[in-house]
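**Q** Per my numbering, the sequence shown starts with residue 152, numbered consecutively.
Pasting in a structure now, in structure tokens, and then I'll have a few things to ask.
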Amino acid sequence: MAEPSFTIEDFPHARGGLPLLVRARDPQVDLLDAFAAVEPLVRDWLPRCAGILFRGFALGPAAESAANSVERFRAFAAAFGHPLLSYEFGSTPRTNVTSGVYTSTEYPADQHIPLHNEQAYTRDWPMRIWFCCVQAAPVGGETPIADSRAIYRRIPADIRERFERRGLMYVRNYGNGLDVPWQKVFNTDDRATVEAYCRDHGILCDWKEDGELRTRQICQATARHPVTGEPVWFNQAHLFHVSNLPEEARSALLDILDEEDLPRNVYHADGGPIDPADLAAIRAVLADETVLFPWETGDVMMLDNMLAAHARTPFSGPRKVVVAMAEPHSAD
């Protein structure tokens, strides 16, 4: 029997087995060419460890351009058998790189993006998400991760019960130079198309007097994984809540806007405010469960989006990380 083209290793940065490290034995081993051996490993290990880091593999011949590496990454993600998803009802600016592959969130390099499960602020989300580090930043720019099952267990029981019982309502106001325009969020200029999307996804939408859009959606605070049956902390309340903004930015916005017109905010589903102390406790758990490791150019990381959250640290210098998503799932 031929020796496997990769090794499975304990990752020095891992926490509770997240991520599993799969390392190529030889840098000439192409990740896409190794798919037949990798796929059963993913099927077996991903539900257990929540995330796998593929390191040391090639993404096409060394002479190929970065664009071709992205195409090889796209083909690798698509090979798992689910069509790659478009970025619908997004909350952050991204650019489509190639079919089904997007830039990671295009926030300024000096900003930190907190841990979150992709699109956990909606009732529809991808089950799988892949990241490919085309170019690692010289300083910072990591993609921290954390186990959503461990976060669920660590959230104080009274807070968890309160969030599960009362649910969450996300309120978004688009455009006006303060957030992503609704045309980009919904990938259309047609109001009727927006209204139809909102109807189909349980989103309340209102056109304001200035022509901009406000949406409200009631969503889950926790969820249960459809395969493993495990409960996970699955929301973005700590990210959407106005308390996530630096104090100076928060004060500046509230000086010019009514609270209902903030670009984004979140309440309990009954419209009641969320206690900032609850959010502070949640953020403390997220910080404590964070797994942080430096990217290496060529790394590919695959996460179960319900079992693992991800983030982004500030960075300096050039950085390019692209993302693909697949296997849609709905709370409904």
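We put the beta carbon where it would ideally sit given N, CA and C, even for glycine.
Bear in mind that the values here come from a model prediction, so they are computed numbers and not experimental data.
Helix, strand or coil, according to DSSP, for residue 354 in the structure here?
**A** coil
**Q** May I ask you to report which of helix, strand or coil DSSP gives residue 446?
**A** coil
**Q** Pull up the distance between the alpha-carbon of residue 392 and that of residue 415, whole angstroms please.
**A** 7 Å
**Q** Taking the alpha-carbon positions, what's the residue 308 to residue 433 distance?
**A** A straight-line Cα-Cα distance of about 11 Å links residue 308 and residue 433.
**Q** Excluding the 5 residues preceding and the 5 following residue 306 in the sequence, name in chain order all residues of the same chain whose CB lies nearer than 7 Å to its CB.
**A** If you ignore the 5 residues before and after residue 306, its C-beta comes within less than 7 Å of the C-beta of 384, 433 and 436, all in its own chain and listed in chain order.
**Q** According to DSSP, what are the bridge partners of residue 181?
**A** 209
**Q** Roughly how many whole angstroms lie between the Cα atoms of residue 165 and residue 404?
**A** It is roughly 39 Å from the alpha-carbon of residue 165 to the alpha-carbon of residue 404.
**Q** Three or more beta-carbon pairs under 8 Å between the stretch 284-299 and the stretch 460-476, yes or no?
**A** Two segments are said to touch when three or more pairs of C-beta atoms, one from each, lie closer than 8 Å; by this definition the stretch 284-299 touches the stretch 460-476.
**Q** At what residues does the alpha helix (DSSP H) containing residue 335 begin and finish?
**A** 333-336
**Q** Quick check on residue 468: buried or exposed, where buried means 16 or more other Cβ atoms within 10 Å of its Cβ?
**A** exposed
**Q** Nearest by alpha-carbon distance to residue 455: which of 187, 204, 412 and 399 is it?
**A** 204
**Q** For residue 227, I'd like the list of residues in its chain whose CB is within less than 6 Å of its CB, leaving aside the five on either flank, ordered along the chain.
**A** Closer than 6 Å at Cβ, skipping near neighbours: 182 and 183.
**Q** Classify residue 195 as helix, strand or coil using the three-state DSSP reduction.
**A** helix
**Q** Out of 334, 320 and 281, point me to the one whose CA is closest to residue 235's CA.
**A** Closest by C-alpha distance to residue 235, out of 334, 320 and 281, is 281.
**Q** For the stretch 263-281 against the stretch 362-381, are there 3 or more C-beta pairs whose distance is under 8 Å?
**A** These segments touch.
**Q** Helix, strand or coil: how does DSSP classify residue 246 here?
**A** coil
**Q** Verify whether the separation of the beta carbon atoms of residue 374 and residue 382 is less than 9 Å.
**A** yes
**Q** Spatial neighbours of residue 323 within its chain, please: CB distance less than 6 Å, with the 5 preceding and 5 following residues excluded, ordered by chain position.
**A** 366 and 415
**Q** For residue 455, list the residues DSSP reports as bridge partners.
**A** 279
**Q** Just mark residue 268 as buried or exposed, buried being the case when its beta carbon has 16 or more other beta carbons within 10 Å.
**A** buried
**Q** Could you pull the start and end residues of the beta strand (DSSP E) that residue 478 belongs to?
**A** 471-481
**Q** Ordered along the chain, which non-local residues of its own chain (more than five positions away) have a Cβ less than 8 Å from that of residue 480?
**A** 275, 276, 277, 278, 377 and 457
**Q** Does the beta-carbon distance from residue 356 to residue 363 come in below 9 Å?
**A** Contact flag unset, no.
**Q** Can you check DSSP and say which residues form a bridge with residue 375?
**A** 382
**Q** By how many angstroms is the C-alpha of residue 471 removed from the C-alpha of residue 412?
**A** Between the alpha carbons of residue 412 and residue 471 lies a distance of about 33 Å.
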